[in-house]
Structures are given as C-alpha cells and as structure tokens.
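Input: a single structure, listed below in structure tokens.
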Amino acid sequence: MSTDATADPECIFCKIVAGEIPADIVHQSPTTIAFRDLEPQAPTHVLVIPRSHYPDAAALAQGEPETAAHLFDAAREIAGAEGLGNGYRMVLNTGADAHQTVFHAHLHVLGGRSMGWPPG
Ligand code: 5GP
Ligand code: ZN
C-alpha cells in the first residue's frame, strides 16, 4: 500500500483543497472535494478529487481505496444535483498518453449533452 499522500506544495489541486486558490466548489465530503472545471467541455463539467495528494487514480486506488470509491459516490450526488438523469460520463485520464495534465488524481464528471464514442 502506498501512503505517499502528503500535500505537494507545487500542486494546483492541493492548493484548491487548502483554499489557497479559488474554485467553484459544488460538493465536499471528509475525503473529497469537487469543483467546476476551468475549461468546461460540457454544460456540466465537474472535477472530483481526493483531499489527499496522489498523482493519479491508480495510485489513489492503491493508497486509499475507500477514497477512490468516495469519488464515484460524490459523482452520483453531483449528477443528481445537476439534473443529469439521462446519464453522465466519468473520465479518469491516467498518464501523459491519456492526456492527464494535472498530476493530482481527479475524476471528470461530464454531462448535459450527448457524448460521442470513441473519445479520441
Ligand atoms: P486532465 O487533463 O489532467 O485529465 O484534467 C485536468 C483538468 O483540470 C482540465 O480539464 C483543466 O481544465 C482543469 N484545470 C486545470 N487547472 C485548473 C484550475 O486551476 N482550476 C480548475 N477549476 N480547473 C483546472
Ligand atoms: Zn495535489
């Protein structure tokens, strides 16, 4: 089990968790926080993140598996609050080839329009 979950002073999402930079927060739990993406790709585009710093979802699942589950539960609550009864997409970009650009684990919750597949 990884326990490398110390806040990273260089990490933009750790700064949001600490309240050091602003974010449009839509949901919070003891282990997670969720806020609207700065560059929304759908009418609803929320990022759900663990309060602890893990570089990606795989590391989070290894280090704090219960918190990984909390991300999905937060997404369910957010989807309800945002009226996404027709469905929503959850995305976990993991690594550079997957277009991960912020290396603090985060779950994208996208909805409010129909989505295409493959994702590109
Ligand atoms: P990734 O490409 O790593 O899967 O997703 C990172 C996401 O974080 C992007 O969709 C990007 O728009 C968003 N993002 C990056 N910096 C900030 C920020 O400072 N605030 C917010 N709300 N979103 C951010
Ligand atoms: Zn971080």
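For the sequence shown, the positions run 36 to 155 when our numbering is used.
In this text, a Cβ means the ideal position worked out from N, Cα and C, and glycines have one as well.
Checklist entry - Among all residues, which have a Cβ less than 6 Å from at least one non-hydrogen atom of ligand 2, and in what chain order do they fall? => result Counting only residues whose CB is nearer than 6 Å to a non-hydrogen atom of ligand 2, the list in chain order is Asp43, Cys46, Phe48, Cys49, His88 and His139.
Next on the checklist: So for Arg111, helix, strand or coil by DSSP?
Outcome noted: helix
Checklist entry - Buried or exposed: where does Pro75 fall if 16 or more other Cβ atoms within 10 Å of its Cβ makes it buried? => result exposed
Checklist entry - When burial is assigned at 16 or more other CB atoms within 10 Å of the CB, is Ala53 buried or exposed? => result Classification for Ala53: exposed.
Checklist entry - Hey, His90 and Phe138 are a contact pair by Cβ (cut 8 Å); roughly how many whole angstroms apart? => result One detail in the question is off: residue 90 reads as Pro in this sequence, not His. That belief holds up - the Cβ atoms of Pro90 and Phe138 are roughly 5 Å apart, short of 8 Å.
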